[in-house]
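Everything below concerns the one structure shown next.
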Amino acid sequence: MRVVKLYSFDDIRVEDMPVPDIGAGDALVRVRSCGICSGDVMPWYIEKKAPLVLGHEPAGEIVKLGRGLEAKKIRGSEGKHINFSTSQPRNFFKKGDRVFFHHHAPCFNCAYCKRGDHVQCSTWRGSGIIPGGISEYALVPEVNLRGDTLLLPEKISFDHATLVEPVACVVKGLKRAGMKHGDTVLVMGLGVMGQIHIMLAKKYGAKVIGADKVPFRLEKAMEFGADSVIDISREDLADAVSRLTDGGMADIVVVGPGDIKAMSQGIGCAARAGKVLFFTPAGPDDILQLRPHDIYFRDINIITSYSCGPDDTKAALDLISEGSVDAQRLITHRFPLEKASEAFRLTAKAEDSLKVVVIF
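This is the structure in structure tokens:
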């Protein structure tokens, strides 16, 4: 099979690799579409994993089941996580099922899982799809199959299903930030993740301000429901937020860029008792300077949100299915596997594109 393998940020190749052998509880999926994640184009983040097969936003069709699953023909419900618990009815996938499959899945039994912090589960962190999402076939290990694989409704296309994981990350972040109806939300950075934040914040009744320097993305933010936008190449961000909120600033600030300057600016744009969500990590050697005195007396909460878990992916699929996330307009570019490096470069430019998808 063909795969797309990254050796360095500037060295991405289409290569041949054997189709993975599957175990008794695993599934083999013919990948049909895979999104390019903004994390894939952060050099410090992706190169530490090299060499690797790119892609963790895949969707496809089950073409082979392990022997332990082949004998079972009971189908799970659309949009439901398949439950393999011995204390409940055992539901299994079948060949031909169209699925979203997450690259990580938790154990559901550890202390982290029991409190809903699935991404801190050692099973979640140690799990993965083999060899990666931008490959003609992917092995979905038993833990991923039972823990975070979803049947796709017929109306959801494979390329639209590549948005399940990104939308799930936004669902988790807004949940952690405790967004309420009537909040003013500032979204810094209007790539695809920023646009999804705008859609969902509006759905749940927030007043939304978007900030970026790319005209294409500022225009898209208004199309997707932002109440106003700030061109940071023309106006100071904090001054503009103050103007738009009559000095009240933002109840929730979503800092999209994994950048120390942006994080500091985000804190400065928060209202008293506001919340600042760091949605993207900074580099391992970056240091953010804070004045604890100001943070304390302004009562600012700084919140992080890393990836997503099974509850979030289920909610994301529902949001895409009902149209609350406009998948059709979020996907701006599609590339064949042979041109995956071009898809990668376009995403890295962060200009006139939103979601870029590799299709098979």
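According to the working numbering, the sequence shown holds residues -15 to 344 in order. Note that the Cβ used here is the ideal one computed from N, Cα and C, for glycine as well. Owing to the predicted nature of the structure, the values given are computational and were not obtained by experimental measurement.
Item                                                                                       : Value
Among C18, M1, P294 and I30, the one whose alpha carbon lies nearest that of S(-8)         : I30
Of the listed residues D24, R14 and Y188, nearest to A324 (C-alpha basis)                  : D24
Beta-carbon proximity check, C18 vs P42, cutoff 9 Å                                        : yes
Alpha-carbon to alpha-carbon, V238 and K351                                                : Any question about residue 351 goes unanswered here, given that the chain covers just -15 to 344.
Cα-Cα separation, R160 to D296                                                             : 12 Å
Three-pair Cβ contact test at 8 Å for the stretch 254 to 272 versus the stretch 107 to 127 : no
Simplified DSSP state of H40, which is helix, strand or coil                               : coil
Presumed contact (8 Å Cβ cut-off) between M(-15) and V3, rounded CB distance               : 5 Å
Three-state secondary structure (DSSP) of L321                                             : helix
Reference C253; option with closest CA among D269, D243, M233 and G267                     : M233
Rounded distance between the beta-carbons of G189 and A205, thought under 8 Å              : Actually they do not touch by this definition, with Cβ atoms about 18 Å apart.
Residue span of the beta strand (DSSP E) that contains C18, given as start and end         : A11 to G19
Reference V151; option with closest CA among E322, Y290 and E335                           : Y290
Under 9 Å between C-beta atoms of R(-3) and G44                                            : no
Within-9 Å CB hit, P320 to chain B                                                         : Absent here is chain B; the protein component of the structure consists of one chain.
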